[in-house]
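Chemist:
In this note's numbering, the protein residues as written are 5 to 73.
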């Protein structure tokens with residue numbers, strides 16, 4: 005479980021950046037990030053019970069763009 009707030013200082017990055025990896029995230033709160041809650045670069049994410057609040061994009065994939073607005 006995590007609470008992540010006010011992260012992602014660059015307009016192209018998220019509060020959490022995942023590169024060349026795969027993660028699972030559960031029961032967490034991701035809010036008030038500058039661009040996206042989670043930024044994926046050649047990565048995969050499985051999530052359950054994650055709340056996204058007031059992020060311009062919840063999950064952003066560098067190959068596709070915003071995949072969960």
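Cβ coordinates follow ideal geometry from the N, Cα and C atoms, glycine included. What you are looking at is a predicted structure, and each value in this text was computed from that prediction instead of being measured.
Let's test the definition: count the other Cβ atoms within 10 Å of the Cβ of residue 13 and tell me whether it reaches 16, buried, or not, exposed.
Modeler: If you number the chain shown from 1, residue 13 lands on position 9. Answer is exposed; the Cβ neighbour count stays below 16.
Chemist: Which one or two residues does DSSP pair with residue 49 in a beta bridge?
Modeler: Position 45 of the chain shown holds residue 49. According to DSSP, which records beta bridges pairwise, residue 49 is partnered with 27.
Chemist: Can you list, in chain order, the residues of its chain with a C-beta nearer than 7 Å to that of residue 18? Leave out the 5 residues immediately preceding and following it.
Modeler: Numbered from 1 along the chain shown, position 14 holds the residue referred to as residue 18. The answer, listed in chain order, is 12, 37, 39, 40, 41, 42, 43, 64.
Chemist: Please report the Cβ distance between residue 71 and residue 35, rounded to the nearest whole angstrom; I am assuming they are in contact, meaning their Cβ atoms lie under 8 Å.
Modeler: Within the chain shown, residue 71 is the residue found at index 67, counting from 1. Within the chain shown, residue 35 is the residue found at index 31, counting from 1. Rounded, the Cβ-Cβ distance is 18 Å, inconsistent with contact.
Chemist: With DSSP run on the structure shown, which of helix, strand or coil describes residue 58?
Modeler: For the purposes of this step, residue 58 is identified with residue 54 of the chain shown, where counting begins at 1. The answer is coil: DSSP assigns residue 58 none of H, G, I, E or B.
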